[in-house]
Ligand code: HEM
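Numbering (the UniProt record's numbering), first residue to last: 1 to 155.
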């Protein structure tokens, strides 16, 4: 005679995953990934404070490339030009070269793009309006001892 199992007879006491152990495993995995490649696991919290672009406080503020990378949307768009960080969110619609071209560099370095577009001295001067900070010495390419020398970059 064939035995038919009803739902009640099914073994419901099968071991459930130990959630604490799972969490530890996840933490270990993240730690290992961070060790192998710190850039692959972004667990950084926002560390910057609001500053008015172009204000005197902006000149003294150090901003890392990791922080810049958080600002990569049309509403919150930062770029790096010659080791300085600019908040160009309000300038996207005004830019004579168009907003899209600048958005391509949102959250990262736009020095060579800016340079190769043949911007005038007036355009270089206009950068000041958008300044929010400066890269730390160890992340700079241009304005550091032994860095890339360009005769015409702003002081
Ligand atoms: C805050 C950053 C920037 C400022 C203040 C700025 C400013 C200007 C200004 C004033 C002009 C008019 C021409 C001139 O005076 O040189 C211009 C044109 C232009 N810009 Fe920018 N720019 C910025 C970033 C960029 C970036 C990142 C790119 C990327 C490729 C770019 C690409 C261009 C191009 C292609 C033109 C020429 C447009 C044309 O002649 O039709 N700009 N920009």
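Think of the CB as a built atom: it goes at the ideal place given N, C-alpha and C, for glycine as much as any other residue.
Contact test: residue 154 Cβ vs the ligand HEM heavy atom, cutoff 7 Å: Residue numbering aside, residue 154 sits at position 154 when the chain shown is read from its first letter. Answer for residue 154: no, Cβ out of range of the ligand HEM.
Proximity to residue 76 [Cα-Cα], best of 50, 153, 118: Stepping through the chain shown from its first residue, residue 76 is reached at position 76. When each option's Cα is compared against that of residue 76, the closest is 50.
Spatial neighbours of residue 114 in its chain, beta-carbon cut-off 7 Å, leaving aside the 5 residues before and after: Within the chain shown, the letter at position 114 stands for residue 114. Correct list, in chain order: 81.
Own chain residues within Cβ distance below 6 Å of residue 132, not counting five before or after: Translated into positions along the chain shown, residue 132 becomes position 132. Excluding sequence neighbours, residue 132 sits near 51, 53, 58, 85, 87.
Beta-carbon proximity of residue 143 to residue 83, cut-off 8 Å: As a working note, residue 143 is residue 143 in the chain shown. As a working note, residue 83 is residue 83 in the chain shown. Yes, the pair counts as a contact, with Cβ atoms nearer than the cut-off.
Per DSSP, cross-strand counterpart(s) of residue 62: Locating residue 62 in the chain shown gives position 62, counting from the first residue. In the DSSP output, where bridge partners are listed per residue, residue 62 has 134.
Any non-hydrogen atom of the ligand HEM closer than 7 Å to residue 79 Cβ: As a working mapping, residue 79 is identified with position 79 in the chain shown. Result yes, Cβ under 7 Å from the ligand HEM.
Nearest-angstrom beta carbon gap, residue 154 and residue 127 [assumed within contact, 8 Å]: Along the chain shown, one-based indexing puts residue 127 at 127. Along the chain shown, one-based indexing puts residue 154 at 154. A Cβ-Cβ distance of about 7 Å is found for the pair residue 127 and residue 154, placing them in contact under the 8 Å criterion.
Whole-Å CB distance - residue 108 paired with residue 69, under 8 Å assumed: The residue you call residue 108 lines up with position 108 of the chain shown. The residue you call residue 69 lines up with position 69 of the chain shown. With 8 Å as the limit, residue 108 and residue 69 qualify as a contact, their Cβ atoms being about 7 Å apart.
Distance between beta carbons of residue 61 and residue 139, contact taken as under 8 Å: Position 139 of the chain shown, counted from the first residue, corresponds to residue 139. Position 61 of the chain shown, counted from the first residue, corresponds to residue 61. Their Cβ separation, rounded to whole angstroms, is 14 Å, which puts residue 139 and residue 61 out of contact at 8 Å.
Buried or exposed (CB count within 10 angstroms, at least 16 for buried), residue 111: Looking up residue 111 in the chain shown gives position 111. So residue 111 ends up on the buried side.
Contact test: residue 127 Cβ vs the ligand HEM heavy atom, cutoff 7 Å: Position 127 of the chain shown holds residue 127. Yes, the beta carbon of residue 127 sits closer than 7 Å to at least one heavy atom of the ligand HEM.
Residues sharing a beta bridge with residue 85, DSSP: The residue labelled residue 85 in the question sits at position 85 within the chain shown. Its beta-bridge partners are 80, 133.
Residue 122, buried or exposed, once every other Cβ within 10 Å from all chains shown has been counted against 16: Taking the first residue of the chain shown as position 1, residue 122 is located at position 122. That one is exposed.
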